[in-house]
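Protein chains in written order, with our numbering: chain C, 308 to 713; chain E, 104 to 238.
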């Protein structure tokens with residue numbers, strides 16, 4: 308809406324300058340004897356007109372929307388660089404040419420020509436698919452008249468707003484809602500089904516009853532984690548996450564994670580090794596969040612490494628780059644090259660991993676946000692299918708807050 | 104008169120709860136954890152009805168239904184599809200002839216047992232089941 312207002316205001320000014328210029332020209336032609344003073348005055352007026360024209364052109368050029376202004380004769384008065392995408396020539400070449408010669412998209416041409424024969428006071432607005440090169444692009448087309456139709460200086464301003472980005476955002480939002488709803492329904496289905504089985508007396512003995520309650524409990528916990536992760540990711544993305552920066556003893560965080568995850572590793576007879584550099588591994592960051600990332604990466608390694616496997620946690624600091632580097636290497640299932648890029652995406656789950664263990668599909672995305680958005684670091688993955696994976700992150704040792712507390 | 108039902112889902116809890124409910128209702132239940140596994144099981148064990156989730160690794164539930172329809176040995180088997188995608192799909196939407204019903208997750212095990220009962224009401228047991236029972 309802003310673009311059409313700016314374009315119309317400047318088209319009006321342009322019209323005024325054009326009238327002034329034509330008036331000056333008429334006076335010039337009418338005059339047979341020009342005094343030195345009159346000549347000087349005409350030069351000054353010419354300078355002012357050029358300056359004003361450049362100002363108007365500058366305003367058209369900064370607009371992000373395409374602008375096409377045609378005069379009473381249907382000839383192009385002005386276009387801007389953005390309009391190049393819908394023109395069959397450059398904006399400079401288009402100036403002064405009939406609109407038919409510069410617009411090749413038939414539908415857009417018909418819309419502008421139709422507006423040229425008359426428009427309501429409030430103008431018109433359409434959504435149209437317009438040919439740009441070999442593809443069709445969705446545009447919002449706004450049309451506004453300047454002056455009345457029988458006025459010799461009548462003009463039609465057309466502003467075209469590319470809707471591709473808006474449509475892509477809408478598609479991503481809808482895709483996200485659909486994925487979130489799908490993922491939330493999965494644990495909900497188990498909870499609802501097992502509750503109904505208990506009500507219907509389908510648990511035939513106490514042991515079975517206990518098993519049903521356990522499923523309800525673990526699936527409720529899975530649902531809670533999913534909701535927590537979703538809310539945390541959304542808060543980080545919105546820039547609302549509060550982070551408590553302090554000097555953290557990274558070695559202590561790793562040791563705590565290993566101690567807490569040991570029972571799960573022992574159940575699968577997995578060996579956990581730590582290779583922590585002897586140098587000081589203090590880092591400026593939010594210890595709870597960094598701990599959460601370490602636990603998440605270690606927990607994934609435990610889930611997806613077959614029994615008897617080995618998991619190695621390494622941490623070292625690089626004084627040259629002033630960064631701390633941490634990695635979790637496992638002898639697990641590994642991830643195919645075409646899936647490596649996607650593992651940090653929301654709700655992406657490696658297909659053959661689903662059967663091995665349950666997850667929220669959000670853990671790695673949250674880790675990525677904590678490391679990259681909140682700690683100005685980098686997170687990544689190296690993997691060989693069938694051989695194992697190495698998840699790593701690096702963060703600045705004394706990095707300043709990437710995001711201030713809300 | 105035992106009908107054999109093939110239940111397919113990559114979620115172990117769902118597989119278990121459906122199997123248990125259908126067994127309590129007197130059906131014989133066989134299971135599979137993805138579409139490929141299910142197709143193989145259906146060809147070898149000739150179930151009277153298939154209940155399958157849609158989103159599964161290797162071969163999804165709708166691809167499974169198409170594959171069953173495309174094989175003379177399994178084309179007659181009615182298929183019930185479970186989906187966590189919400190109410191965006193109906194049996195007609197799938198345009199797959201053997202898909203008799205699409206149910207949204209969360210589902211009611213009791214409701215599924217009733218549906219299976221009504222779908223199999225007029226369906227004679229497969230030759231495989233009848234011959235097994237006669238023996």
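Note that the Cβ used here is the ideal one computed from N, Cα and C, for glycine as well.
Bear in mind the structure is a predicted one, so any value in this text is a computation, not a measurement.
Exercise for the section: State yes or no: is the C-beta of residue 150 of chain E within less than 9 angstroms of the C-beta of residue 107 of chain E? Expected result: In the second chain, counting from the first residue as 1, residue 150 of chain E sits at position 47. In the second chain, counting from the first residue as 1, residue 107 of chain E sits at position 4. For residue 150 of chain E and residue 107 of chain E, yes; Cβs fall inside 9 angstroms.
Practice task
Anything in the region 475-492 of chain C with a Cβ closer than 9 angstroms to a Cβ of chain E? List those residues in chain order, please.
Solution key: From the region 475-492 of chain C, only 485, 488, 489, 490, 491 and 492 have a Cβ closer than 9 angstroms to chain E.
Problem - Per DSSP, cross-strand counterpart(s) of residue 144 of chain E - result: Counting from 1 along the second chain, the entry for residue 144 of chain E is found at position 41. Residue 144 of chain E pairs with nothing; no bridge assigned.
Handout entry: Cβ contact (3+ pairs, closer than 8 angstroms) linking the region 158-167 of chain E and the region 133-149 of chain E
Key = yes
Practice task
Report the residue from C:701, C:645 and C:430 whose alpha carbon sits nearest the alpha carbon of residue 267 of chain C.
Solution key: Lying outside 308 to 713, the shown extent of chain C, residue 267 of chain C is not represented and no answer is given.
Problem - DSSP three-state assignment for residue 623 of chain C, whether helix, strand or coil - result: Residue mapping note: residue 623 of chain C aligns to position 316 of the first chain, counting from 1. Residue 623 of chain C falls in the strand class under three-state DSSP.
Exercise for the section: Could you check which residue in C:696, C:614, C:487 and C:582 has the C-alpha nearest to that of residue 637 of chain C? Expected result: For this step, residue 637 of chain C is matched to residue 330 along the first chain. Selected option, being the one with the closest Cα: C:696.
Practice task
Reducing DSSP to helix, strand and coil, say where residue 367 of chain C ends up.
Solution key: If you number the first chain from 1, residue 367 of chain C lands on position 60. The answer is helix: DSSP assigns residue 367 of chain C an H, G or I state.
Handout entry: Meets three-Cβ-pair contact criterion under 8 angstroms: the region 467-474 of chain C and the region 379-387 of chain C
Key = no
Handout entry: Three or more C-beta pairs below 8 angstroms linking the region 510-525 of chain C and the region 551-558 of chain C
Key = no
Practice task
Spell out whether any CB of chain E is found under 9 angstroms from the CB atom of residue 714 of chain C.
Solution key: Past the edges of chain C, shown from 308 to 713, lies residue 714 of chain C, and the structure says nothing about it.
Problem - residue 553 of chain C: first and last residue of the uninterrupted beta strand (DSSP E) it sits in - result: By 1-based counting over the first chain, the position of residue 553 of chain C is 246. Where residue 553 of chain C is concerned, the enclosing beta strand (DSSP E) stretches over 553-556.
Practice task
Examine the Cβ distances between the region 574-583 of chain C and the region 591-598 of chain C and report whether three or more of them are shorter than 8 angstroms.
Solution key: The region 574-583 of chain C vs the region 591-598 of chain C: no contact.
Handout entry: CB contact flag (residue 192 of chain E, residue 157 of chain E, <9 angstroms)
Key = Mapped onto the second chain, residue 192 of chain E falls at position 89. Mapped onto the second chain, residue 157 of chain E falls at position 54. In contact: residue 192 of chain E and residue 157 of chain E (Cβ atoms closer than 9 angstroms).
Exercise for the section: Please say whether residue 187 of chain E and residue 263 of chain E have beta carbons closer to each other than 9 angstroms? Expected result: Examination of residue 263 of chain E is not possible in this model, given that chain E is present from 104 through 238 alone.
Practice task
Please look up how many angstroms separate the CB atoms of residue 654 of chain C and residue 669 of chain C, rounded, as I've assumed it's under 8 angstroms.
Solution key: Position 347 of the first chain holds residue 654 of chain C. Position 362 of the first chain holds residue 669 of chain C. With a Cβ gap of about 7 angstroms, residue 654 of chain C and residue 669 of chain C count as contacting.
Exercise for the section: Taking residue 409 of chain C as part of the beta strand (DSSP E), name the residues at either end of that continuous run. Expected result: Within the first chain, residue 409 of chain C is the residue found at index 102, counting from 1. Segment 406-409 is the alpha helix (DSSP H) holding residue 409 of chain C; no beta strand (DSSP E) there.
Exercise for the section: Thinking residue 676 of chain C and residue 592 of chain C are a contact (beta carbons under 8 angstroms), I'd like their distance in whole angstroms, please. Expected result: What you label residue 676 of chain C is simply residue 369 of the first chain in a count that begins at 1. What you label residue 592 of chain C is simply residue 285 of the first chain in a count that begins at 1. At roughly 14 angstroms, the Cβ-Cβ gap does not stay under 8 angstroms, so residue 676 of chain C and residue 592 of chain C are not in contact.
Handout entry: CB contact flag (residue 456 of chain C, residue 424 of chain C, <9 angstroms)
Key = The residue labelled residue 456 of chain C in the question sits at position 149 within the first chain. The residue labelled residue 424 of chain C in the question sits at position 117 within the first chain. Contact flag set, yes.
Practice task
Quick one: give me the first and last residue of the beta strand (DSSP E) that residue 714 of chain C is part of.
Solution key: The structure shown does not extend to residue 714 of chain C, since chain C spans only 308 to 713, so no value can be given for it.
Problem - Per-residue contacts from residue 568 of chain C into chain E (C-beta, under 8 angstroms) - result: For the purposes of this step, residue 568 of chain C is taken as residue 261 along the first chain, with counting starting at 1. Correct list: empty, because the minimum Cβ distance to chain E is about 22 angstroms.
Practice task
Confirm, please, whether the CB-CB distance from residue 209 of chain E to residue 485 of chain C is below 9 angstroms.
Solution key: Sequence index remark: in the first chain, residue 485 of chain C carries index 178 (1-based). Sequence index remark: in the second chain, residue 209 of chain E carries index 106 (1-based). Not closer than 9 angstroms, so no.
Problem - Interfacial residues, the region 492-506 of chain C to chain E, with Cβ spacing under 8 angstroms - result: Sequence-ordered contacts of the region 492-506 of chain C with chain E read 492, 493, 495, 496, 497, 498, 499, 500, 501, 503 and 504 [C-beta pairs closer than 8 angstroms].
Exercise for the section: Return the CA-CA distance between residue 105 of chain E and residue 613 of chain C, expressed in angstroms with no decimal places. Expected result: The residue given as residue 105 of chain E occupies position 2 in the second chain. The residue given as residue 613 of chain C occupies position 306 in the first chain. The alpha-carbon atoms of residue 105 of chain E and residue 613 of chain C are separated by roughly 39 angstroms.
Exercise for the section: Compile a chain-ordered list of the residues in the region 104-116 of chain E whose CB is closer than 7 angstroms to at least one CB of chain C. Expected result: Within the region 104-116 of chain E, the residues whose Cβ lies closer than 7 angstroms to any Cβ of chain C are, in chain order, 113, 114 and 116.
Practice task
Could you name the residues that DSSP lists as bridge partners for residue 451 of chain C?
Solution key: The count along the first chain starts at 1 and reaches residue 451 of chain C at position 144. Bridge partners of residue 451 of chain C: C:464.
Handout entry: Residues, ordered as in the chain, of the region 522-541 of chain C that lie near chain E by beta-carbon distance below 8 angstroms
Key = 522 and 526
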